[in-house]
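> Going by full-length UniProt numbering, the first residue of the sequence shown is number 1, and it counts up by one from there. Just so you know, even glycine gets a beta-carbon here, dropped at the ideal spot from N, CA and C. A quick note: this is a predicted structure, and the numbers were derived from the prediction, not measured.
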Amino acid sequence: MSGMTFAELTPTAFAARAAKVYADRLAVVDREMHYSYAEFWDRAQRLAGLLADHGVRPGDRVAVIAPNTHVLLEAHHGVPLAGAVLVALNTRLAPAEVAYILGHCRARVVIVDASCRDLLDEALRHSMVQPIVVNCGQPHDEYESQLAGAARLAVTVTDERSLLSINYTSGTTGRPKGVMYHHRGAYLQALAMAYHARLDPSSRYLWTLPMFHTNGWCFPWAVTAAGAVHHCLRKVNPADIWHAIRHDGVTHFCAAPVVLGMLADDPAATAPVPHPVQVFVGGAPPRSALLARLRALGIEMRHLYGLTETFGPAVVCEWQPEWRDLPDERRTALVVRQGIANVVGEPLRVVDSAGKDVPADGATTGEIVLRGNNLMLGYYRDGEATATAVTADGWFRSGDIGVMHPDGYVELRDRAKDVIISGGENIASVEVENTLAEHPAVLDTAVVGAPHPNWGEVPVAYVTLRPDAAIGEAELVAFVRARIARFKAPHRVIFGELPRTSTGKIQKALLRQRAFGIVLE
Numbered sequence: 001m002s003g004m005t006f007a008e009l010t011p012t013a014f015a016a017r018a019a020k021v022y023a024d025r026l027a028v029v030d031r032e033m034h035y036s037y038a039e040f041w042d043r044a045q046r047l048a049g050l051l052a053d054h055g056v057r058p059g060d061r062v063a064v065i066a067p068n069t070h071v072l073l074e075a076h077h078g079v080p081l082a083g084a085v086l087v088a089l090n091t092r093l094a095p096a097e098v099a100y101i102l103g104h105c106r107a108r109v110v111i112v113d114a115s116c117r118d119l120l121d122e123a124l125r126h127s128m129v130q131p132i133v134v135n136c137g138q139p140h141d142e143y144e145s146q147l148a149g150a151a152r153l154a155v156t157v158t159d160e161r162s163l164l165s166i167n168y169t170s171g172t173t174g175r176p177k178g179v180m181y182h183h184r185g186a187y188l189q190a191l192a193m194a195y196h197a198r199l200d201p202s203s204r205y206l207w208t209l210p211m212f213h214t215n216g217w218c219f220p221w222a223v224t225a226a227g228a229v230h231h232c233l234r235k236v237n238p239a240d241i242w243h244a245i246r247h248d249g250v251t252h253f254c255a256a257p258v259v260l261g262m263l264a265d266d267p268a269a270t271a272p273v274p275h276p277v278q279v280f281v282g283g284a285p286p287r288s289a290l291l292a293r294l295r296a297l298g299i300e301m302r303h304l305y306g307l308t309e310t311f312g313p314a315v316v317c318e319w320q321p322e323w324r325d326l327p328d329e330r331r332t333a334l335v336v337r338q339g340i341a342n343v344v345g346e347p348l349r350v351v352d353s354a355g356k357d358v359p360a361d362g363a364t365t366g367e368i369v370l371r372g373n374n375l376m377l378g379y380y381r382d383g384e385a386t387a388t389a390v391t392a393d394g395w396f397r398s399g400d401i402g403v404m405h406p407d408g409y410v411e412l413r414d415r416a417k418d419v420i421i422s423g424g425e426n427i428a429s430v431e432v433e434n435t436l437a438e439h440p441a442v443l444d445t446a447v448v449g450a451p452h453p454n455w456g457e458v459p460v461a462y463v464t465l466r467p468d469a470a471i472g473e474a475e476l477v478a479f480v481r482a483r484i485a486r487f488k489a490p491h492r493v494i495f496g497e498l499p500r501t502s503t504g505k506i507q508k509a510l511l512r513q514r515a516f517g518i519v520l521e
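So, in structure tokens, the structure goes:
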């Protein structure tokens, strides 16, 4: 029809709408700071004006180094309102990594929390760029003073596929890559998260997931779209999470399995929560014992899967109503699968080396590939890596090995690089890890391949025991052999803390390096 016009999709539209629909409703809680959606929208526009006062123009990159505070939350709205590109940096990076990212993205402005100022100062001593720095927090809260004096600004988005943010990967295999997000993808992914989490104005979302990690899985915009409350949390502490649930009415949060384990083991985990709580879990699926413990406490878990390149969770293990009536063991087997494409994604595929779909039999393995609106534009200033990651017909290669079940649900079996090939047989490290984790003494574990003179490579397990637990290597190996094929059992078990990246992922690449020096006969 002639004369019809359509607005470009952008996640900043959610804050604009919330300011009208939920104007007086509580939007943000950050320690002693509480403000409404009308005030939230005002602050976001003033942040855009503040950036313009510092010379930021559409397309410029604005970095933020801060924990989960109202400042980082406001940046997810205010930076794009200035037409600029948000670069939220991991606060646990080393100074050299921060310096590299600031130089790679050519940041014009850096907003930094007082707790991260030393990190930034060290990074700037080695950086190829010297951006304008805006301090927030005590003792010199330039952010608040400049915000109060700034004019409101909201740049109109003219292309929904334009650059919204750059999210840098953890760089475990080399230099961090800058994953480019677009306005359209963030808008739709936010709607998907709001839908799958069942968020509404009565919801209270606790910021346990770092907002710097894939833009907090787009929840900075999803919670706002629902008119729910953002509860900021600077640091993950089990006691603080329990307090937020029991005393502040928190209904939703996201967590890695290790955080859920900490919650279940915390002294505050004494009785069921006073209201339903939904937790989204990313990473390795929780163990059955942990699921049962959480269920007894009134916390329902939903498993997610995704990558930085897919705006976070592209896959959701959506519970079917009839699953609730199944025996615990059968239900657990279903809910720990990765699941189906979220509501804005295209159906998932699992393909063989020729790019053909594998049978949906729950047994034949292949690589998980994804496509849809929630797929990155590419890697910033790295066309070669972009071309390698995406097939000719636009499917993103996850590098993850999985199976397709007859009901259309995908289950992850391993990272392609983590599959151990021993005597011509493929061993999924995840299977061995899951078996080890069934032992009550095991808190955490990672399994990698170590060179072997006869078999090529064999599994070696790195294990962290629970406090006060004691078990020997031979006993743990025997435990595994009693449950899965003997050739899959680890040839060595090494006890101690597991090395992790700045985003909390186990550094399997480092463990493989260590395992390379192990002499096996």
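Between A63 and L51, what straight-line distance do the alpha-carbon atoms span, to the nearest angstrom?
In a straight line, the C-alpha of A63 is about 11 Å away from that of L51.
> When the Cα atoms are used, what is the spatial distance from H140 to C116?
One C-alpha to the other measures close to 13 Å.
> Following the continuous alpha helix (DSSP H) through P11, name the residue where it begins and the one where it ends.
Neither: P11 is in no alpha helix (DSSP H) and is coded neither H nor E.
> Note down the Cα distance separating R43 from G137, rounded to an integer number of angstroms.
About 16 Å.
> Does the ligand ATP have a heavy atom nearer than 8 Å to the CB of D352?
Ligands are entirely absent from the displayed structure, and the ligand ATP is therefore not among its contents.
> Expressed to the nearest angstrom, what Euclidean distance is found between the alpha-carbon atoms of V463 and A446?
Computed Cα separation, rounded: 7 Å.
> For A225, which residues of its own chain have a beta-carbon under 7 Å away from its beta-carbon, when the five flanking residues on both sides are left out?
Once the five neighbours on either side are set aside, the close Cβ partners of A225 are F14, A190, L191, A194.
> In the DSSP assignment, what are the bridge partners of M180?
Answer by DSSP bridge pairing, in chain order: I166, G378.
> Helix, strand or coil for R61 per DSSP?
R61: strand per DSSP, three-state reduction.
> Which residues does DSSP pair with G345 in a beta bridge?
Answer is G372, bridged to G345.
> Identify which residue in L511, P267, T169, A333 has its Cα closest to the Cα of H405.
Measuring from the Cα of H405, the nearest candidate turns out to be A333.
> Give the DSSP-derived three-state secondary structure of K20 in the structure shown.
Helix at K20.
> Between the alpha carbons of V236 and A114, how many angstroms are there, rounded?
C-alpha separation (whole angstroms): 18 Å.
> With which residues is I401 paired in a DSSP beta bridge?
Beta-bridge pairing links I401 to E367, D414.
> Report the option in V335, R331, V343, R371 whose CA atom is closest to the CA atom of V350.
If we check each option's Cα against that of V350, R371 comes out closest.
> Is there contact here, the stretch 342-357 with the stretch 425-438, by at least three beta-carbon pairs under 8 Å?
Short answer: they don't touch.
> Please determine, among P347, T12, E39, the residue with the shortest C-alpha to C-alpha distance to V28.
Measuring from the Cα of V28, the nearest candidate turns out to be E39.
> Could you give the first and the last residue of the continuous beta strand (DSSP E) run that contains L465?
From DSSP, the beta strand (DSSP E) with L465 extends over 456-465.
> According to DSSP, is F212 helix, strand or coil?
Reduced to three states, the DSSP call for F212 is coil.
> If you draw a straight line from the C-alpha of Q146 to the C-alpha of E32, how long is it?
Q146 and E32: Cα-Cα distance of roughly 20 Å.
> Between R413 and the rest of its own chain, which residues show a CB-CB distance below 7 Å, the 5 nearest in sequence each way excluded?
Taken in chain order, the residues that qualify are T365, I401, G402, V403, A428, V430.
> Cutting at 7 Å between CB atoms, please list the residues of its own chain near R234, excluding the five before and the five after it.
Result list for R234: P67, N68, T69, in chain order.
> Could you check where the beta strand (DSSP E) with A255 kicks off and where it finishes?
That run of the beta strand (DSSP E) goes 252-255.
> Suppose you measure from the CA of T172 to the CA of R381; what does that come to, to the nearest Å?
With a pLDDT of 44 at T172, under the threshold of 50, the modelled position of that residue is not reliable, and no figure is offered here.
> What three-state label does DSSP hand F516 in the structure shown?
Three-state result, F516: helix.
> Please list, in chain order, all residues of the same chain as A239 whose beta carbon is under 7 Å from its beta carbon, the five residues on each side excluded.
For A239, where only same-chain residues beyond five positions count, the Cβ hits under 7 Å are D266, A268.
> What is the residue span of the beta strand (DSSP E) that Q278 lies within?
Per DSSP, Q278 belongs to the beta strand (DSSP E) from 277-281.
> Determine the burial state of K508: buried for a count of at least 16 other Cβ atoms within 10 Å of its Cβ, exposed for fewer.
Buried, because 16 or more other Cβ atoms sit within 10 Å of the Cβ of K508.
> Along the chain, where does the alpha helix (DSSP H) containing G103 start, and where does it finish?
Element bounds for G103: 95-105.
> In its own chain, which residues sit with a C-beta less than 7 Å from the C-beta of V477, not counting the 5 before and 5 after it?
Closer than 7 Å at the Cβ level, and outside the excluded window around V477, lie A489, P490, V493.
> Going by Cα to Cα distance, which pick from M211, R331, Q320, I340 is closest to G306?
Checking every option, the nearest Cα to that of G306 belongs to I340.
> Are the Cβ atoms of I484 and V432 separated by less than 9 Å?
Yes; because the gap between Cβ atoms is below 9 Å, this pair is in contact.
> Output needed for L153: all residues of its chain with C-beta closer than 7 Å, excluding positions within five of it in sequence on either side, in chain order.
The residues are Q45, A48, G49, A52, L81, A82.
> Using 8 Å as the cut-off, can you tell me whether the stretch 196-211 makes contact with the stretch 324-338, which would need three or more C-beta pairs spanning the two stretches below that distance?
No: the two stretches stay apart, fewer than three of their Cβ pairs being nearer than 8 Å.
> Taking the beta carbon of M301 as the centre, do at least 16 other beta carbons fall within 10 Å, making it buried, or is it exposed?
Flag for M301 reads buried.
> Tell me where the alpha helix (DSSP H) around E300 begins and ends.
Note, E300: premise wrong, no alpha helix (DSSP H); beta strand (DSSP E) at 299-307.
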